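Worksheet: the structure to be examined is printed underneath.
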Amino acid sequence: MPAWCAPSIEQSAGARRRVLRGVAGLALVIAASGSQGQDLAPSPLELNEASRAELESLQGLGPSLVTRMLAARQQAPFASWQDLAHRVKGMGPRMMARLSAAGLRVNRQALDAAPAAPLRPASSPPP
Numbered sequence: 006m007p008a009w010c011a012p013s014i015e016q017s018a019g020a021r022r023r024v025l026r027g028v029a030g031l032a033l034v035i036a037a038s039g040s041q042g043q044d045l046a047p048s049p050l051e052l053n054e055a056s057r058a059e060l061e062s063l064q065g066l067g068p069s070l071v072t073r074m075l076a077a078r079q080q081a082p083f084a085s086w087q088d089l090a091h092r093v094k095g096m097g098p099r100m101m102a103r104l105s106a107a108g109l110r111v112n113r114q115a116l117d118a119a120p121a122a123p124l125r126p127a128s129s130p131p132p
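Take the sequence shown: its letter number 9 is residue 14 in the numbering used here, and every next letter is one higher.
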């Protein structure tokens with residue numbers, strides 16, 4: 006093989022160094038952006054102030070449930086998560102837990118922060 010075709014050790018070592026520096030720099034950028042992304046919680050969305058589009062953007066809320074929520078909110082703002090469960094058909098404990106985890110708040114409170122009281126679905130009559 007002619008001498009001009011054979012790579013010299015010096016050139017390949019320099020090329021390796023450049024590649025390794027680039028990979029190390031890329032790893033630092035990925036690590037920095039990954040750690041910031043993990044610390045982010047969903048931004049809170051207040052139920053009594055949210056628009057239809059904001060509510061429909063939450064996973065698990067479809068147009069019909071949002072319509073029922075907005076109709077109940079027009080009559081009076083929601084006082085608590087229990088009030089929401091009582092006034093909106095289809096709003097049960099699992100749905101409320103998912104929505105709270107997605108960032109929905111009622112009177113600035115997550116479901117976990119709400120006082121513990123038995124939840125009654127909207128279909129059951131009050132005692």
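Glycine is no exception: its CB is placed at the ideal position from the N, C-alpha and C atoms.
Predicted, not measured: the structure shown is a model, and the values here were computed from it.
By the criterion of a C-beta distance shorter than 8 Å, Gly-65 is surrounded in its chain by Met-100, Arg-103, Leu-104 and Ala-107, once the five residues flanking it on both sides are discounted. Judged by DSSP in its simplified three-state form, Glu-59 adopts helix. Residue range 86–92 is occupied by the alpha helix (DSSP H) that includes Asp-88.
Bounds of the alpha helix (DSSP H) holding Ala-106 are 98–106.
Ranking Phe-83, Glu-54, Gly-95 and Asp-117 by CA distance to the CA of Ser-69 puts Gly-95 first.
For Gln-79, the secondary structure class from DSSP, reduced to helix, strand or coil, is helix. Closest in C-alpha terms to Leu-50, from the list Asp-117, Leu-75, Gly-67 and Leu-109, comes Leu-109.
In this structure, the alpha-carbon of Arg-113 lies about 15 Å from that of Leu-60.
Residue pairing by DSSP puts Val-111 in a beta bridge opposite Gln-114.
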